[in-house]
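*Asks:* Numbering (this note's numbering), first residue to last: 891 to 1024.
Starting off with a structure, shown below.
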């Protein structure tokens, strides 16, 4: 699913009705910056944004359970339509960058509806190393 948000023209707009934790607005631009990495920022915001990673690329064994209510709100009827993005904290030494696996952004790849989901009852780290230690 890594090409889902990477059309030939570049950035796509996702709609997040509930917004993202700590960020205003409901429409966000998702622009590829490197394979599997995206810049995510509220439309019309200058400078405010963050890096997200395609979980399938960086964490292939990460399979969070999305509750039925969230799937319904996003119009997800097939798990294959879900793209899971994780918020990345970029460290000065990029090898120390981490990803939040506890609150992914789930995107319906067909409709581009999205929601940040705080996973409860699932044992995922808040700061998982983005690049595995050698």
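Just so you know, even glycine gets a beta-carbon here, dropped at the ideal spot from N, CA and C.
Values in this document were obtained by computation on a predicted structure and should not be read as measured data.
Tell me whether residue 899 sits in a helix, a strand or coil according to DSSP, three-state version.
*Replies:* A caution first: residue 899 carries a pLDDT of 49, below 50, which makes its placement in the model too unreliable to give a value.
*Asks:* Helix, strand or coil for residue 948? Go by DSSP, reduced to three states.
*Replies:* It is helical.
*Asks:* Let me make sure I understand the geometry here. Which of 999, 1011, 920 and 985 has the alpha-carbon closest to that of residue 967?
*Replies:* Per the Cα distances, 999.
*Asks:* Is DSSP giving residue 962 helix, strand or coil here?
*Replies:* Residue 962 falls in the helix class under three-state DSSP.
*Asks:* Do you know how far the Cα of residue 1020 is from the Cα of residue 992?
*Replies:* For residue 992 and residue 1020, the distance between alpha carbons rounds to 14 angstroms.
*Asks:* With 16 as the cutoff for other CB atoms within 10 Å, does residue 983 come out buried or exposed?
*Replies:* With fewer than 16 Cβ atoms within 10 Å of its Cβ, residue 983 is classed as exposed.
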